[in-house]
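Asker: Residue numbers (the working numbering): 18 to 410.
The C-beta atom is built at its ideal place from N, Cα and C for all residues, glycine as well.
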Amino acid sequence: MLGLCLKYEQTNYGSKLQALATIKIMEQLGHKFQIIHYEKGGFWFKIKSLPRIFNSTFRQDKIEDFSRSRAIKKHPEVAQPILERKRMFKEFDAIFFEKYEIVGKYYKDIKKIAEKYDSIVSCSDQLWSPAGLGTNFYNLMFVPDHINKVSFASSFGVSQIPWYQKKATKNYLNRIEHVSCRENRGAEIVKELTGRDVPVLMDPVFAFDKDEWLDIVPKENVYDEPYVFCYFLGNNPKHRMLATEFARKKGLKVVCMRHLDQYVAQDELFGDVSPYDVSPLQFLNIIRGAVYVVTDSFHGCAFSIIMQKEFVVLYRYALNSISSKNSRIDSVCANLGLSDRIADEDAILEDFFTREIDWNRVVEKQTLYRTKMWNYLKSALSLNEKNENTIGK
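1) Could you check what DSSP says for Thr28 in three-state terms: helix, strand or coil?
2) For Ile374 versus Phe223, is the C-beta distance shorter than 8 Å?
3) For Asp220 versus Met105, is the C-beta distance shorter than 8 Å?
4) Hey, is Asn156 close to the ligand GTP, as in C-beta under 7 Å from one of its heavy atoms?
5) What would DSSP say about Phe154, mapped onto helix, strand or coil?
6) Between Arg378 and Lys326, what straight-line distance do the alpha-carbon atoms span, to the nearest angstrom?
7) Between His92 and Tyr248, is the Cβ-Cβ spacing less than 8 Å?
8) Give me the Cα-Cα distance between Arg257 and Arg265, rounded to the nearest whole angstrom.
9) With H, G and I counted as helix, E and B as strand and the rest as coil, what does DSSP make of Leu331?
10) Should Ile112 be labelled buried (16 or more other beta-carbon atoms within 10 Å of its own) or exposed?
11) Per the DSSP calculation, Thr312 is bridged to which residue(s)?
12) Who are the near neighbours of His54 in its chain, counting only those whose CB is closer than 6 Å to its CB and skipping five residues on each side?
13) Distance, Cα to Cα, Asp232 vs Tyr181?
14) Leaving out five residues before and five after Pro297 in sequence, what residues of the same chain have Cβ atoms less than 6 Å from its Cβ?
15) Tell me whether His195 sits in a helix, a strand or coil according to DSSP, three-state version.
16) His163 by DSSP, collapsed to three states: which one?
17) Have a look at the DSSP bridge pairing and note the partners of Val19.
18) If we call anything under 8 Å between Cβ atoms a contact, is Tyr393 one with Ser146?
Put into structure tokens, the structure is as follows:
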């Protein structure tokens, strides 16, 4: 039996589909598993979390949360549509995740729960962000020494660990028997802190190719007219202007999704079609149906690659930002030979889309990383011969 430390509760399309991919991977590996849901309750959790206020990434995240809530209150006209979006996410959770959940409200509860598993896996996404260090959950500090601990394509989400967290980060990394990272920079951080050489694995969504995703999410034609899909989590107005100009030159509609990570005033005037009631499954089909994709999102980039879409990815964070999470995009594009699809805010998108992508070469690279991913998990989870025969990978 496996325990999964899997982050899926937030209202984010990429996180939901990454979590779904992880579930499907474990099912194909033939393991029984549960998702450990840590509710982080109690007075002592709040006390132990106080040092996080000194972490710049944590403060930035909290500032963004506060700004988002305040902006929504100032614009009640978007509150109801956003609630409808959240409802779609909750329905998705009920279908795919809730049946696997085991809940621990307090730290002592998850420590007790951990005793029942053969292995516990911390699953992808930015779970090792310096902002979350104090919870001691995704870094598997709550797991007893004798239980096998596995990190699956884990991400620090930043390019540098704060100096005052390096010792604690080194301590939890040394406790984990099997470590893998999602970014090249993440593997470098592990090497710098522990001396260990660890593999760089693709995000779980890359475990399945274009055709295999059809089995997971059946194809649906969402819109009849050709369109450019713009998936922006950031608030950069230039990104929206670039996309609009490109779409107009091509005579295409712009399909966008408004106010995703925050309220963005320009979004009110952006796009020709801007639905709110979109489930994660419909989101994937919107990417499938697009002629072009313009995004500042890691998973927007990832699914554009998997679905072999003509795409451009724009940096959401300033290059000199201490809380930048651009390294995720840098790694996936570099590892697949697609770094020339990264544009800055002064780019002419048409120039990028005239460059033809050699999808055969990209698929070859994806296949190598996919094989590496499956082999890593088989080894880390010590599959027996019976389970090996069920994988078909």
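Answerer: Checking against the coordinates, here is how it stands:
1) coil
2) no
3) no
4) Inclusion of the ligand GTP in the displayed structure is not the case, the ligand content being empty and no account of it being possible.
5) coil
6) 14 Å
7) no
8) 12 Å
9) strand
10) exposed
11) Tyr248, Val330
12) Non-local C-beta neighbours of His54 in its own chain, meaning closer than 6 Å and more than five positions away in sequence, comprise Glu118, Val120, ordered along the chain.
13) The alpha-carbon atoms of Asp232 and Tyr181 are separated by roughly 46 Å.
14) Tyr30, Lys33, Leu34, Phe109
15) strand
16) The answer is coil: DSSP assigns His163 none of H, G, I, E or B.
17) This sequence places Leu at residue 19; Val is not what is there. Partner(s): Phe50, Ser136.
18) no
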